[in-house]
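Asks: Mind having a look at this structure? Questions to follow.
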Amino acid sequence: MFRNKDDTVSEVLKKRGISRRDFFKIATITTAMLGLEYTQVGHVVAQMETKTRVPVIWLHFQDCTGCSEAITRSYNPSLINLLLNDISLDYHETLMAAAGHQAEAAKQSIMETYAGNYVLVVEGSVPTGFGMTSIGGRAAEDILREAADGAMAIVSVGNCAAFGGIPAAEPNPTNAHGVWDLITDKPIINVPGCPPIPEVMTGTIAHILLLGALPELDRLNRPKMFYAQTVHDRCIRRGFYDAGLFADSFGDDGYKAGYCLYKLGCKGPTTYNACPSIKWNGGTSWPVEAGHPCLGCSEPKFWDNAGFYQGQSAVINAPSLAAAAGAAAVGVAAGAAIAAANAANKRRAEHATPSQVPSSTEGDES
15 MFRNKDDTVS EVLKKRGISR RDFFKIATIT TAMLGLEYTQ VGHVVAQMET
65 KTRVPVIWLH FQDCTGCSEA ITRSYNPSLI NLLLNDISLD YHETLMAAAG
115 HQAEAAKQSI METYAGNYVL VVEGSVPTGF GMTSIGGRAA EDILREAADG
165 AMAIVSVGNC AAFGGIPAAE PNPTNAHGVW DLITDKPIIN VPGCPPIPEV
215 MTGTIAHILL LGALPELDRL NRPKMFYAQT VHDRCIRRGF YDAGLFADSF
265 GDDGYKAGYC LYKLGCKGPT TYNACPSIKW NGGTSWPVEA GHPCLGCSEP
315 KFWDNAGFYQ GQSAVINAPS LAAAAGAAAV GVAAGAAIAA ANAANKRRAE
365 HATPSQVPSS TEGDES
């Protein structure tokens with residue numbers, strides 16, 4: 015199928031054999047995915063009929079490429095749909111076919127041809143220490159500033175690009191920084207996480223491309239449609255927290271019953287992210303549901319703030335006795351669901367044949 019950057023989203027879909035009826039279905043689903051009201055469907059349709067596919071330059075600096083790996087697992091919208099319908103991913107070191115001078119020439123051409131009209135995505139922290147990271151003989155900060163100069167918006171994916179992440183952890187030997195520490199004259203959206211939820215990355219990019227505007231942001235420049243509430247607010251173990259029921263160690267009776275993991279270091283009460291609602295791997299599960307405390311990976315300095323398994327000193331906003339009694343009932347029901355799911359998984363694992371047992375990396379978030 016022939017595609018070019020001047021095609022609108024609707025034209026691309028039409029070339030793919032998508033009917034007008036299905037086009038409206040896609041627009042309706044997209045509206046819901048972006049967190050917009052149903053009354054905004056008409057606006058989304060209009061944007062899809064007039065907006066051309068936007069060039070995207072994706073830069074890598076000090077990173078593990080975990081964010082790129084994660085986005086390939088996005089389900090709604092999927093990376094494939096995003097690439098075919100909404101964006102033209104013209105530069106990505108991991109996914110592009112070109113390499114060396116060819117790749118750099120392609121990036122330069124996009125920056126010149128589409129100055130002011132491309133989206134810059136950055137993955138990884140930016141080292142500013144002398145001689146720390148050189149790509150094609152150029153310093154990372156110089157490469158960032160050049161690409162940022164002509165970008166309509168910058169999306170910093172992952173904690174490293176947003177806040178410095180692990181490379182910026184003490185003693186920060188490379189003097190690593192998040193993008194917004196260095197670029198102050200461009201619209202910047204931070205999409206932190208280690209890695210971020212795939213649908214949060216694709217949803218944020220789709221919002222910019224389809225609506226032509228940045229989503230509403232919080233004080234850390236994170237999109238509120240994904241980072242407005244804490245992990246604690248919507249946690250499946252919240253009922254146990256309110257009832258004062260906590261696991262004291264991994265594997266104890268409370269842990270097996272699905273009790274709250276706050277005393278095992280869970281950072282859910284102070285971490286803003288959409289993990290409990292969107293989850294991972296197509297809504298299959300997320301760390302706390304699977305039995306691991308939240309690490310707070312969408313917050314600044316999460317690596318240095320506290321030990322991952324360091325118990326918290328006090329319960330935040332301890333509930334009244336009446337509230338605790340009601341919460342206990344909710345907690346017991348949630349715990350029963352978790353325990354049943356764990357038992358079912360254990361039975362499946364015990365009876366699985368070698369060909370049915372997943373590899374150690376399958377379902378891994380990073």
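All residue numbers for the sequence shown refer to the working numbering, where the first residue is 15 and numbers rise by one. Each residue gets a CB set at the ideal place from its N, CA and C atoms; glycine is no exception.
Count the other C-beta atoms from every protein chain shown that fall within 10 angstroms of the C-beta of Leu109, then say buried if there are 16 or more, exposed otherwise.
Replies: Translated into the one-based positions of the sequence shown, residue 109 becomes position 95. Its Cβ having fewer than 16 others within 10 Å, Leu109 is exposed.
Asks: Is it the case that the segment 157–172 contacts the segment 263–277, given that we only count it when at least three CB pairs across the two stretches are under 8 Å?
Replies: No: fewer than three Cβ pairs fall under 8 Å.
Asks: Does the structure place the segment 142–150 close enough to the segment 205–216 that three or more beta carbon pairs sit under 8 Å?
Replies: As far as the Cβ criterion goes, the segment 205–216 does not touch the segment 142–150, which means the pair count is below three.
Asks: For Ala84, which residues from the same chain have a beta carbon less than 6 Å from its beta carbon, with the 5 sequence-adjacent residues on both sides left out?
Replies: Here residue 84 refers to the residue found at position 70 when the sequence shown is read from its first residue. Pro209, Pro212, listed in sequence order.
Asks: Fully enclosed by the segment 202–272, which beta strand (DSSP E) runs are 3 residues long or longer?
Replies: Fully enclosed beta strand (DSSP E) runs of 3 or longer: 202–205.
Asks: Over what stretch of residues does the alpha helix (DSSP H) that includes Ser82 continue unbroken?
Replies: By 1-based counting over the sequence shown, the position of residue 82 is 68. Here the alpha helix (DSSP H) through Ser82 covers 80–85.
Asks: Between which two residues does the alpha helix (DSSP H) harbouring Met8 extend?
Replies: Coverage of the chain is limited to positions 15 through 380, which leaves residue 8 absent and any answer about it impossible.
Asks: Quick check on the DSSP output: the beta strand (DSSP E) that includes Glu126 runs from which residue to which?
Replies: For the purposes of this step, residue 126 is taken as the residue at position 112 of the sequence shown. From DSSP, Glu126 is part of no beta strand (DSSP E) but of the alpha helix (DSSP H) over 114–127.
Asks: Starting from Leu196, trace the alpha helix (DSSP H) both ways and give me its first and last residue.
Replies: As a first step, residue 196 is located in the sequence shown; it is residue number 182 there, counting from the start. Its alpha helix (DSSP H) spans residues 193–196.
Asks: Whether or not the segment 282–289 and the segment 297–313 are in contact is what I'm after, with contact meaning three or more pairs of Cβ atoms, one per stretch, closer than 8 Å; do they touch?
Replies: Taking 8 Å as the limit for Cβ pairs, the verdict is that the segment 282–289 does touch the segment 297–313.
Asks: Could you work out which residue in Tyr276, Pro301, Leu278 is closest to Ala288 when comparing CA atoms only?
Replies: Against the sequence shown, residue 288 aligns to sequence position 274. For Ala288, the nearest C-alpha among the options comes from Pro301.
Asks: Hey, how far is the Cα of Ala41 from the Cα of Glu63?
Replies: Against the sequence shown, residue 41 aligns to sequence position 27. Against the sequence shown, residue 63 aligns to sequence position 49. Going by the C-alpha atoms only, they are around 10 Å apart.
Asks: Measuring only the C-alpha atoms, how far is Phe132 from Asp104?
Replies: Walking along the sequence shown from the start, residue 132 turns up at place 118. Walking along the sequence shown from the start, residue 104 turns up at place 90. The sequence shown places Tyr at residue 132, rather than the Phe named in the question. Going from the Cα of Tyr132 to the Cα of Asp104 covers about 10 Å.
Asks: For the beta strand (DSSP E) holding Trp72, just list the boundary residues, first then last.
Replies: Taking the sequence shown and counting its residues from 1, the one referred to as residue 72 is at position 58. It spans 68–74 - the beta strand (DSSP E) in which Trp72 sits, taken as one unbroken run.
Asks: In angstroms, rounded to a whole number, what distance separates the CA positions of Asn319 and Thr244?
Replies: On the sequence shown, residue 319 is found 305 positions in, with the first residue counted as 1. On the sequence shown, residue 244 is found 230 positions in, with the first residue counted as 1. So the alpha carbons of these two residues sit roughly 17 Å apart.
Asks: For Asp77, does the count of other Cβ atoms within 10 angstroms reach 16, so buried, or fall short, so exposed?
Replies: Along the sequence shown, one-based indexing puts residue 77 at 63. Buried, by the Cβ-count rule.
Asks: Here's a check: name, in chain order, each residue in its chain whose Cβ is nearer than 6 Å to the Cβ of Val59, leaving out the five neighbours to either side.
Replies: One-based indexing of the sequence shown puts residue 59 at position 45. Counting only Cβ-Cβ distances below 6 Å, and skipping sequence neighbours, we find Ala41.
Asks: If we ignore side chains and look at the alpha-carbon of each, how far apart do Glu118 and Ser139 end up?
Replies: Indexing the sequence shown from 1 puts residue 118 at position 104. Indexing the sequence shown from 1 puts residue 139 at position 125. About 20 Å.
Asks: Compare the C-alpha of Ser291 against each of Pro314, Asp266, His246, Asp256 and name the closest.
Replies: Here residue 291 is taken as the residue at index 277 of the sequence shown, counted from 1. Ranking the options by Cα distance to Ser291, first place goes to His246.
Asks: Can you pull the DSSP bridge partners for Arg152?
Replies: Taking the first residue of the sequence shown as 1, we reach residue 152 at position 138. Answer is Ile149, bridged to Arg152.
Asks: How many angstroms separate the CA atom of Val55 from the CA atom of Phe264?
Replies: Locating residue 55 in the sequence shown gives position 41, counting from the first residue. Locating residue 264 in the sequence shown gives position 250, counting from the first residue. Cα to Cα, Val55 sits roughly 47 Å from Phe264.
Asks: Beta-carbon within less than 7 Å of Ala190's beta-carbon, same chain only, minus the 5 sequence neighbours each way: which residues are those?
Replies: Along the sequence shown, one-based indexing puts residue 190 at 176. Here the set comprises Gln76, Ser139, Val140, Pro141, Gly178, Pro181, Ala182.
Asks: Using CA coordinates, which residue listed in Tyr255, Val214, Thr45 is at the minimum distance from Pro237?
Replies: Position 223 of the sequence shown, counted from the start, is the residue given in the question as residue 237. Looking at the Cα atoms, Val214 is the closest of the given residues.
Asks: Since Asp318 is in the alpha helix (DSSP H), which residue starts that stretch and which ends it?
Replies: Translated into positions along the sequence shown, residue 318 becomes position 304. Where Asp318 is concerned, the enclosing alpha helix (DSSP H) stretches over 316–319.
Asks: Looking only at its own chain, which residues have a Cβ that is under 8 Å from the Cβ of Lys277, when we skip the five neighbours before and after it?
Replies: In the sequence shown, residue 277 corresponds to position 263, counting from 1. Same-chain partners within the cutoff: Phe260, Ala261, Asp262, Gly325, Gln326.
Asks: Given a cut-off of 8 Å on the beta-carbon distance, is the pair Ile32 and Pro69 in contact?
Replies: As a working note, residue 32 is residue 18 in the sequence shown. As a working note, residue 69 is residue 55 in the sequence shown. No, the Cβ-Cβ distance between Ile32 and Pro69 is not below 8 Å.
Asks: Between Asp266 and Gly253, what straight-line distance do the alpha-carbon atoms span, to the nearest angstrom?
Replies: Along the sequence shown, read from residue 1 onward, the residue named residue 266 stands at position 252. Along the sequence shown, read from residue 1 onward, the residue named residue 253 stands at position 239. The straight-line gap from Cα to Cα measures roughly 19 Å.
Asks: Provide the residue span of the alpha helix (DSSP H) that contains His57, from first to last.
Replies: By one-based count along the sequence shown, residue 57 stands at place 43. Its alpha helix (DSSP H) spans residues 55–64.
Asks: Roughly how many angstroms lie between the CA atoms of Ala242 and Ala120, to the nearest whole one?
Replies: Along the sequence shown, read from residue 1 onward, the residue named residue 242 stands at position 228. Along the sequence shown, read from residue 1 onward, the residue named residue 120 stands at position 106. Rounded to whole angstroms, Ala242 to Ala120 spans 38 Å at the Cα level.
Asks: Would you list the residues sitting across from Val135 in a DSSP beta bridge?
Replies: Translated into positions along the sequence shown, residue 135 becomes position 121. Per DSSP, Trp72, Val169.
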